[in-house]
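The structure appears below as structure tokens.
Residue numbers (the numbering used here), protein chains in the order written: chain A, 36 to 268; chain B, 36 to 268; chain C, 36 to 268; chain D, 36 to 268.
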């Protein structure tokens, strides 16, 4: 069942380690089959070196295990909230990559200081508010998803495909598991650049909307002219 | 004698180099056989590339060499203090990994700024006070162990499995040599994240106890639900 | 056509990835045949791992594709402005390398703090002013080239073979594609050193002109005595 | 002639690249045969990948080429000043390693903040004053050596085997070329740690002399007890 999606999700998880976004078991990637309403996700606490397609866990959107002998990632309820609330996404990723996590721990949204950011995220990447005591104590992982969804109440989740969960770390998503991983890689890189930018010039402000539009839309808009064909995200 | 423990201690020492926690001979890992009261430790000043199981030194808890032609690590008396005072630990590690060492040199305990820290250490990782002139001049390595033990007088050494020795660097411990190494890896990573977090937001404070409890206990408590079986550290 | 130049340009693009100046497709290198008035450049959005000589695009100085099935890099018009206005250059490179990009995002020229810089760039590497709304909205990539050229109105583009485009990132050039890549590598390294230098001593100022002359000219002047023959850039 | 020393000097130069202390040709190592009064040094501007024993240059203490077809490193006169003034050293190294170079560019001596430093350098690593206009314009490389020697007028060059040349970068030395390289590696690492230490605690001061004595002398004194035999530097 879902052999191709399992392959994609396995590859996405391995890419997290290969791109230095996750040590030990500190990251997880998932993918969804929208037709079947089933999500493939990494099992909890299993080393990347030992992951195989057959070890991937399959759950339905209520979190019931549909296939797999291993317990799914403890972050599964967060992934499910994303799939249920963000139509059109096909993959999701969570890591503790150090620069993005530092912004999350600092309780700061990541400002857009240049075209590297603007090429991939249409404006600042928001940091959620910290969860309340009640949100932490009951249904913590579900509430982590809900606080993300609320942060996008007024924001297009397809134009900004990532978030910083306060005191925790980044989540990203995308059209596929691979796209969600790429967004995590980019988020880490622009998080690093933004720290350095502010160190060099503490008074720096975000780029103007004109430059943001130019760069984001030349890669992602209907008139995109970057790459070999119109971007279809 | 102690063939399996020697293998584990050798592997732990090599892992220090592989994880970039130690260059040259700047780190050492040990393990204890509680039944025999014997500790296996790296010989002093030998390159990781030349280490073999047979070169490992075996000492008793008073530091007398029980086996091995080479002098044990000069930090052996510190390891022994840890084994004598921290019941239940099976391995210990000392490194000069740069980010953790920077906190130790700064004479600052490492605050808990997020869930990456809370997943592994139940609260701030303490920095000891500097040793006194007398403690440095007589029995220096023993006193290094004693200052660590005193720092845990009111702290559970199984809930916070590491320390920053002022002006020196990190020591970690764990249920096994491998677990002690993993704690050194994590300590280095959260030490880095904490520097970046404070750089982004100098006014940041530690996470609330509710979040600390949630994350530490979902991995380590009796109701742990992370991974494939209850954590048994 | 242009087989040798295609080889050089391919090698230059691969070197960008190998030197960690570009992830994904975030960099591009080009080279020019001055006799034919043709420029070889990386195709847009193609992974470095998939690049071959045959995939390289050939354009004339007006940007018309002379050979190649793929769309040239979206930054091609910027490269062309450089070739048209900077006589004597044979290669050009654009990257988003993090330390140089941070200076560009900080809207700051890179000061010359030492001999590493002075060995390669004859004084500060300028940061352009941000493009105006009109320059962004119409002919953006051409205008990116024009703002670079204007920054060198009073500056010798052969003595300072690189620039920081505000809110964007570095462009470098050189006698060949390989030389342009080397200049990108050096620019990234001195951009990093300069951040660290200012962190250690915020009051630091640029080196005196005497030291700048000494180092630049011992490698690049007519009396150069570095290396095995007079430098011929 | 000097086959063994050439092997050592070649190995030392290659180690500079392998330890990430030098990119391109940005570093050089040399060694001296005190009996013959001859110095083996890297040729100028030759890539590490192309270096062979036969390409090494041999010069006498006045800088006259005794063997070798290639021009010696442009820094040769600096190395010779060190050999002439620092009796007992057998090797010397110059790099532009980024963290040590940042301290040199910041015109700051490297303070001793902890035992990692104290294990290898007996106190702060001095930064020279900038060279004067006259020192730069005439016999620059000789004067670079002289300013180093003057910085050690009141300092034991065997207890502190390295220096930061203002606005330039680190030079180190040691009993052999390999030992000089190791000192460069250590200097880079403690330069990094010191930046981080000051970032965490800007008010930090150097360690007390008691701790400095303890650590330096347990590795280097006549009663040294680190390693497998008394250190014989």
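Positions of the beta carbon are idealized from the N, C-alpha and C atoms, including for glycine.
Can you name the start and end residues of the beta strand (DSSP E) that residue i belongs to?
{"i": "residue 127 of chain D", "result": "126-130"}
{"i": "residue 95 of chain B", "result": "92-95"}
{"i": "residue 245 of chain D", "result": "That residue, residue 245 of chain D, is in no beta strand (DSSP E); its alpha helix (DSSP H) goes 244-255."}
{"i": "residue 207 of chain D", "result": "204-209"}
What does the alpha-carbon distance come out to for the pair residue i and residue j?
{"i": "residue 143 of chain A", "j": "residue 257 of chain C", "result": "53 Å"}
{"i": "residue 109 of chain A", "j": "residue 176 of chain A", "result": "8 Å"}
{"i": "residue 152 of chain B", "j": "residue 61 of chain A", "result": "12 Å"}
{"i": "residue 42 of chain D", "j": "residue 93 of chain D", "result": "13 Å"}
{"i": "residue 17 of chain D", "j": "residue 209 of chain D", "result": "Any answer about residue 17 of chain D is impossible in this case: the structure gives chain D only from 36 up to 268."}
{"i": "residue 182 of chain C", "j": "residue 66 of chain C", "result": "21 Å"}
{"i": "residue 214 of chain C", "j": "residue 126 of chain C", "result": "7 Å"}
{"i": "residue 269 of chain C", "j": "residue 195 of chain B", "result": "Examination of residue 269 of chain C is not possible in this model, given that chain C is present from 36 through 268 alone."}
{"i": "residue 101 of chain C", "j": "residue 48 of chain C", "result": "20 Å"}
{"i": "residue 24 of chain B", "j": "residue 173 of chain A", "result": "The structure shown has nothing for residue 24 of chain B, since chain B only spans 36 to 268."}
{"i": "residue 137 of chain D", "j": "residue 235 of chain C", "result": "8 Å"}
{"i": "residue 96 of chain B", "j": "residue 55 of chain A", "result": "40 Å"}
{"i": "residue 149 of chain C", "j": "residue 204 of chain D", "result": "8 Å"}
{"i": "residue 192 of chain B", "j": "residue 251 of chain B", "result": "14 Å"}
{"i": "residue 59 of chain C", "j": "residue 83 of chain C", "result": "7 Å"}
{"i": "residue 107 of chain D", "j": "residue 121 of chain C", "result": "35 Å"}
{"i": "residue 68 of chain B", "j": "residue 50 of chain B", "result": "20 Å"}
{"i": "residue 57 of chain A", "j": "residue 132 of chain A", "result": "6 Å"}
{"i": "residue 88 of chain B", "j": "residue 129 of chain C", "result": "51 Å"}
{"i": "residue 167 of chain D", "j": "residue 246 of chain C", "result": "9 Å"}
{"i": "residue 162 of chain B", "j": "residue 74 of chain C", "result": "60 Å"}
{"i": "residue 184 of chain D", "j": "residue 39 of chain D", "result": "28 Å"}
Identify the continuous alpha helix (DSSP H) that holds residue i and give its terminal residues.
{"i": "residue 109 of chain B", "result": "First-last for residue 109 of chain B: undefined, no H or E at that position."}
{"i": "residue 180 of chain B", "result": "175-186"}
{"i": "residue 46 of chain A", "result": "38-53"}
{"i": "residue 82 of chain A", "result": "Taken as a continuous stretch (DSSP letters only), residue 82 of chain A belongs to no alpha helix (DSSP H), as it is neither H nor E."}
What residues from chain D crowd round residue i, counting only those whose CB sits closer than 8 Å?
{"i": "residue 143 of chain C", "result": "Within chain D, no residue comes near residue 143 of chain C; the closest Cβ sits about 16 Å away, beyond 8 Å."}
Could you name the residues of chain D that residue i contacts, counting a contact when the two beta carbons are closer than 7 Å?
{"i": "residue 175 of chain B", "result": "249"}
{"i": "residue 168 of chain B", "result": "245"}
Which of the three DSSP states, helix, strand or coil, is assigned to residue i?
{"i": "residue 235 of chain B", "result": "helix"}
{"i": "residue 71 of chain B", "result": "coil"}
{"i": "residue 101 of chain A", "result": "strand"}
{"i": "residue 65 of chain B", "result": "strand"}
{"i": "residue 195 of chain B", "result": "coil"}
{"i": "residue 76 of chain B", "result": "strand"}
Taking residue i as the query, report the chain C residues whose CB atoms sit under 8 Å from its CB, ordered along the chain.
{"i": "residue 139 of chain D", "result": "149"}
{"i": "residue 210 of chain D", "result": "Correct list: empty, because the minimum Cβ distance to chain C is about 28 Å."}
{"i": "residue 239 of chain A", "result": "140, 141, 142"}
Can we count residue i as close to the ligand ATP, meaning its CB is less than 8 Å from some heavy atom?
{"i": "residue 86 of chain C", "result": "In the structure shown, the ligand ATP is absent, as is every other ligand, since no ligand is present at all."}
Going along chain B in order, which residues have a C-beta closer than 9 Å to the C-beta of residue i?
{"i": "residue 234 of chain D", "result": "137, 141, 230, 233, 234"}
{"i": "residue 242 of chain D", "result": "140, 165, 202"}
{"i": "residue 124 of chain D", "result": "Here the premise fails: no neighbours, minimum Cβ distance about 20 Å."}
Would you mind telling me which residues of chain C sit closer than 7 Å to residue i, beta carbon to beta carbon, in chain order?
{"i": "residue 262 of chain A", "result": "79, 80"}
Just the chain A side, please: which residues come within less than 8 Å of residue i by C-beta, in chain order?
{"i": "residue 220 of chain B", "result": "58, 59"}
Along chain A, which residues have their Cβ under 9 Å away from the Cβ of residue i?
{"i": "residue 53 of chain C", "result": "Per Cβ cutoff of 9 Å: no residues; residue 53 of chain C is ~16 Å from chain A at best."}
Going along chain A, which residues have a C-beta under 7 Å from residue i?
{"i": "residue 246 of chain B", "result": "171, 202"}
Using a cut-off of 9 Å between C-beta atoms, extract the partners of residue i located in chain C.
{"i": "residue 131 of chain D", "result": "149, 150, 151, 154, 224, 228"}
Would you please verify whether the beta carbon of residue i is less than 9 Å from any beta carbon of chain F?
{"i": "residue 50 of chain B", "result": "Considering every chain present, this structure includes no chain F. Its protein chains are A, B, C and D."}
At 7 Å on the CB atoms, spell out the chain B contacts of residue i, in chain order.
{"i": "residue 253 of chain D", "result": "109"}
Can you list the beta strand (DSSP E) stretches of 3 or more residues lying completely in the segment 116-171 of chain C, in chain order?
With a minimum length of 3 residues, the continuous beta strand (DSSP E) runs that stay inside the segment 116-171 of chain C are 126-130.
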